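Colleague: Take a look at this one; I'll ask things after.
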Amino acid sequence: MKHSHSDHHDHHDHHHHHETMKAVAFEGKAFDMTVKKLPIPKIHKATDAIIRVTSSGICGTDLHVFHGRVPVNPPMTMGHEIVGIVHSIGSKVSDLKVGDRVIVSGIITDDNLGGEDDDEVVGGLGIGDVPGFIQFNGGQAGFVRVPFASDNVLLLPEGKEHELDYVMLADIFPTANWALDCSGFVFGDVVVIFGAGPVGLLAAYSAFLRGASKVYSVDRVPERLAKAKSIGAIPIDFSKGDPVAQILKREPKGVDRACDCIGYECVDAKGKNVGNIVLTQAINVVRSGGGIGVIGVYLPQDPRKSWLIADKHLIISGRAKPSFVVDRELRIDDAPEAYQEFSDHDFIKSVIRFGDFEDKEEQSSVEEEEEERPLRKRKRNGGSA
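For the sequence shown, our numbering begins at 8 and goes up steadily by one.
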């Protein structure tokens, strides 16, 4: 119980000593993120909870905001892949207590009717000002306010185990499984996954967990293709020729399923944005009667929740380790630079860490500077090799 004791201590600490926190903010200017000091959010409604963030991922969806491709009412705190500790709760939140370790859902729903299927999507944390979607501040920050907390957090075992796996569970692991569902995937299928970013890699990984006989992974970034190969997928580099032709050479009848894990920022072999290219390739590579799963960017619904519990059990039991996609952990101060590097494909997936991680990093920041530079250079060289 040591863990929750320290959280209670923290609880008082934050209240008495400093009422501000650091947060990654988008202020409306494309290709520009800033780290700001903001007030720690307070409970607004009786159904709210305030979560002290321990880890928060930077996601491909965040890049759409960074690139100026999503409507935002600035300033907006970024981040919807959140793991943390319950810091305070509204009077109507009965199923959580201070000190609980939780995952926060990035899509905010309100299950006001109490039934299983009555979740009404209200908005999103740090996702943008999308029509029919309330913009809430996200969790790339020390703390985050979660509306309708009972419907939008998932309790985790206490402690610090599986932290990065749970960050993947906040969004991209269930999303990857949903992509397979959308394609009509069944045991034994041959699958093509377009995109070997974090969601695409986890879709390939999930396909193997669910019994795919073969998985092709289509991308052009060498590190991503290498990571796909490391989990057993067949890498297809679309900069070296039409991916459909490359796959049909091995699968003359076409494949059973294809999943588009890229969305509208997809590019052709020369790197030029062509919005419909992946859909066209998916149609051309799938056999007659096969299926295509398209997830692209967020829709105003959240069918991923059906995978949350199953994926959580897979992580706890050790059957799944989705954090294999994470190759960078960082302090919040390094986030603006990390956004640019993520945009440039310098790494696959990064997670901002708070608390102990931050303190340790700050103590060793001098040594870290020394080590970090060659590490970054190595990655860059790898990328351009």
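Virtual Cβ for every residue (Gly too), placed ideally from N, Cα, C.
Predicted model only: the values in this text are computed from it and were never measured.
Please give the ranges of any alpha helix (DSSP H) in the region 188-236, keeping only runs that are unbroken, at least 4 residues long and fully inside the region.
Modeller: Listed in chain order, they are 205-216.
Colleague: Could you give the DSSP three-state label for Phe38: helix, strand or coil?
Modeller: Against the sequence shown, residue 38 aligns to sequence position 31. In this structure, Phe38 counts as coil in the three-state DSSP scheme.
Colleague: Leaving aside the five residues before and after Ala32 along the sequence, list all residues of the same chain whose C-beta is less than 6 Å from its C-beta, in chain order.
Modeller: Position 25 of the sequence shown holds residue 32. Closer than 6 Å at Cβ, skipping near neighbours: Thr41, Lys43, Pro82 and Thr84.
Colleague: Could you check where the beta strand (DSSP E) with Lys256 kicks off and where it finishes?
Modeller: Counting from one through the sequence shown, the residue named residue 256 turns up at place 249. Element bounds for Lys256: not the beta strand (DSSP E) but the alpha helix (DSSP H), Pro250 to Arg257.
Colleague: Under the criterion of a Cβ to heavy atom distance below 7 Å, does Ala317 qualify as lining the ligand FAD?
Modeller: The model depicted lacks the ligand FAD and carries no ligand whatsoever.
Colleague: Evaluate the contact criterion for the region 282-289 versus the region 164-182: three or more CB pairs, one atom per stretch, below 8 Å.
Modeller: Touching, no.
Colleague: How about Asp249 and Val198: are their beta carbons less than 8 Å apart?
Modeller: Here residue 249 is taken as the residue at index 242 of the sequence shown, counted from 1. Here residue 198 is taken as the residue at index 191 of the sequence shown, counted from 1. Cβ atoms of Asp249 and Val198: not closer than 8 Å.
Colleague: For Glu34, count neighbouring C-beta atoms within 10 Å of its own C-beta (all shown protein chains included) and say buried if the count is 16 or more, exposed if not.
Modeller: Within the sequence shown, numbered from 1, the residue matching residue 34 stands at position 27. Classification of Glu34: exposed, given that the 10 Å Cβ count is below 16.
Colleague: Could you tell me the alpha carbon to alpha carbon distance between Ile290 and Val222, rounded to whole angstroms?
Modeller: Position 283 of the sequence shown, counted from the start, is the residue given in the question as residue 290. Position 215 of the sequence shown, counted from the start, is the residue given in the question as residue 222. The alpha-carbon atoms of Ile290 and Val222 are separated by roughly 17 Å.
Colleague: Apply the 10 Å Cβ neighbour rule to Pro138 and answer buried if 16 or more other Cβ atoms are within range, or exposed otherwise.
Modeller: On the sequence shown, residue 138 is found 131 positions in, with the first residue counted as 1. With fewer than 16 other Cβ atoms within 10 Å, it is exposed.
Colleague: Which of the three DSSP states is assigned to Ala289 in this structure?
Modeller: The count along the sequence shown starts at 1 and reaches residue 289 at position 282. Looking at Ala289 - three-state DSSP - the assignment turns out to be helix.
Colleague: Does Phe38 pass the burial test, meaning 16 or more other C-beta atoms within 10 Å, or should it be called exposed?
Modeller: Stepping through the sequence shown from its first residue, residue 38 is reached at position 31. Exposed is the call here.
Colleague: Within its chain, find whatever has a CB closer than 7 Å to the CB of Asp334; leave out the 5 residues flanking it on each side and keep chain order.
Modeller: One-based indexing of the sequence shown puts residue 334 at position 327. Around Asp334: Phe354, Ile355 and Lys356.
Colleague: Tell me which residues share the same chain as Leu120 and place their Cβ nearer than 7 Å to its Cβ, disregarding the 5 neighbours each side in the sequence.
Modeller: Taking the first residue of the sequence shown as position 1, residue 120 is located at position 113. In this prediction, Leu120 has a pLDDT of 45, which is less than 50 and means its spatial position is unreliable; what the coordinates show is noted afterwards. Closer than 7 Å at Cβ, skipping near neighbours: no residue.
Colleague: Contact defined as beta carbons within less than 8 Å: I believe Ser190 pairs with Cys273. What is the distance between those atoms, to the nearest angstrom?
Modeller: As a first step, residue 190 must be located in the sequence shown, where it is residue number 183. As a first step, residue 273 must be located in the sequence shown, where it is residue number 266. Incorrect: roughly 17 Å between the Cβ atoms, too far for contact.
Colleague: Could you tell me if His74 is buried or exposed, where buried requires 16 or more neighbouring beta carbons within 10 angstroms of its beta carbon?
Modeller: On the sequence shown, position 67 is the one that residue 74 refers to. His74 is exposed by the Cβ-count criterion.
Colleague: Can Ala211 and Gly300 be called in contact, C-beta distance under 8 Å?
Modeller: Counting from one through the sequence shown, the residue named residue 211 turns up at place 204. Counting from one through the sequence shown, the residue named residue 300 turns up at place 293. Cβ distance not < 8 Å, so Ala211 and Gly300 don't count as in contact.
Colleague: If we call anything under 8 Å between Cβ atoms a contact, is Gln147 one with Gly133?
Modeller: What you label residue 147 is simply residue 140 of the sequence shown in a count that begins at 1. What you label residue 133 is simply residue 126 of the sequence shown in a count that begins at 1. Yes. Within cutoff.
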